[in-house]
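Following: one structure in structure tokens, then a few remarks.
Numbering (UniProt numbering), first residue to last: 1 to 251.
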């Protein structure tokens with residue numbers, strides 16, 4: 001990709017083209033599902049319901065004042081309630097609308113398309129075995145994809161040996177399913193998906209501060225290794241953003 005191509009990606013020129021393009025939505029093509037399906041035999045983990053949260057009481061003013069990127073984490077585990085709170089903060093569903101075809105969530109998304117799936121590489125969360133999980137926002141549950149005792153070393157390889165990741169309690173891995181956004185916005189979708197990723201991760205930063213946890217967002221990772229870790233195809237769904245989360249190390 002040339003520098004000029006990169007600059008054009010950041011510009012809004014594609015929206016002019018939309019007037020001359022018939023999108024798949026306008027063609028009355030079926031809308032993509034708002035969430036990936038899972039097998040009836042899948043292992044699901046119940047999360048703490050939103051109405052039972054006792055954490056996250058820090059004011060938004062203090063969360064903004066305290067927010068910074070943190071790469072040093074303590075050995076203290078996250079509780080299941082804290083993880084539930086973080087997941088709801090970044091992708092929680094507040095309301096299902098349009099007969100189940102759209103969701104209103106805790107984060108904004110262009111056209112309420114919400115193109116992301118949230119995966120977790122869990123290393124140190126109370127009550128959960130080490131492994132790869134996927135968040136199911138419609139049910140507010142976790143789906144166990146793979147329990148893996150060698151997850152730490154695989155994470156290091158997938159992130160170019162950024163060692164702090166191995167000390168995190170959990171690493172969030174967001175994948176994009178571009179067609180969710182393309183269905184409505186066609187070739188304007190890439191810019192919108194990139195913007196949406198920023199909305200999601202900032203919610204993680206602020207909510208983590210309110211539970212005395214820190215976040216380090218990660219854009220440098222091995223695409224193939226990360227996609228393989230999540231067992232996704234790398235074409236219709238692929239990794240776009242990571243963030244390591246852990247309790248703040250006391251100094």
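We put the beta carbon where it would ideally sit given N, CA and C, even for glycine.
This one's a predicted model, so the numbers in the text were calculated from it and none came from an experiment.
{"Check": "Can at least three beta-carbon pairs, one atom from the region 51-58 and one from the region 156-176, be found at a separation below 8 Å?", "Outcome": "no"}
{"Check": "To test your reading of the DSSP string, which unbroken alpha helix (DSSP H) runs of 4 or more residues are found completely within the region 174-216?", "Outcome": "179-185, 189-209"}
{"Check": "Counting along the chain, where does the alpha helix (DSSP H) carrying residue 244 start and finish?", "Outcome": "Here residue 244 belongs to no alpha helix (DSSP H); instead the beta strand (DSSP E) covers 238-247."}
{"Check": "Given this structure, state the Cα-to-Cα distance separating residue 205 from residue 178, to the nearest angstrom.", "Outcome": "24 Å"}
{"Check": "On the DSSP bridge assignment, give the partners of residue 134 in chain order.", "Outcome": "119, 143"}
{"Check": "Among the candidates 210, 118, 208, 187, whose CA atom is the shortest distance from the CA of residue 17?", "Outcome": "187"}
{"Check": "Take the Cβ of residue 12 as the centre, count every other Cβ of all protein chains shown within 10 Å, and call the residue buried at 16 or more, exposed below.", "Outcome": "exposed"}
{"Check": "Per DSSP, residue 125 is paired with what?", "Outcome": "78"}
{"Check": "Where does residue 28 land, buried or exposed, given buried means 16+ other C-beta within 10 angstroms?", "Outcome": "exposed"}
{"Check": "Do you know whose CA, among 34, 244, 211, 208, lies nearest residue 111's CA?", "Outcome": "34"}
{"Check": "Residues in its own chain within less than 6 Å of residue 193 by CB, not counting five upstream and five downstream?", "Outcome": "115, 176, 181"}
{"Check": "Does the distance from the C-beta atom of residue 122 to that of residue 229 stay below 8 Å?", "Outcome": "no"}
{"Check": "Beta carbon of residue 89, beta carbon of residue 203: below 8 Å?", "Outcome": "yes"}
{"Check": "Within the continuous alpha helix (DSSP H) that includes residue 227, where are the two ends?", "Outcome": "223-230"}
{"Check": "Give me the Cα-Cα distance between residue 32 and residue 195, rounded to the nearest whole angstrom.", "Outcome": "20 Å"}
{"Check": "For residue 109, which of 100, 124, 99, 93 has the nearest alpha-carbon?", "Outcome": "93"}
{"Check": "Could you have a look at residue 23 and say whether DSSP puts it in helix, strand or coil?", "Outcome": "coil"}
{"Check": "Below 8 Å on the Cβ atoms is my contact criterion, and I expect residue 170 with residue 120 to pass it. Report the Cβ-Cβ distance as a whole number of Å.", "Outcome": "5 Å"}
{"Check": "State yes or no: is the C-beta of residue 101 within less than 8 Å of the C-beta of residue 118?", "Outcome": "no"}
{"Check": "Look up residue 5 in the DSSP assignment and say whether it is helix, strand or coil.", "Outcome": "helix"}
{"Check": "Take residue 234 and list the residues in its own chain whose beta-carbon comes closer than 6 Å to its own, dropping the five residues that flank it on each side.", "Outcome": "227"}
{"Check": "Are residue 78 and residue 107 closer than 8 Å when you measure CB to CB?", "Outcome": "no"}
{"Check": "DSSP puts residue 105 in a beta bridge; with which residues?", "Outcome": "93"}
{"Check": "Going by C-alpha distance, which of 64, 85, 30 is nearest residue 46?", "Outcome": "85"}
{"Check": "Please list, in chain order, all residues of the same chain as residue 210 whose beta carbon is under 6 Å from its beta carbon, the five residues on each side excluded.", "Outcome": "56, 58, 63"}
{"Check": "Cα separation between residue 15 and residue 24?", "Outcome": "15 Å"}
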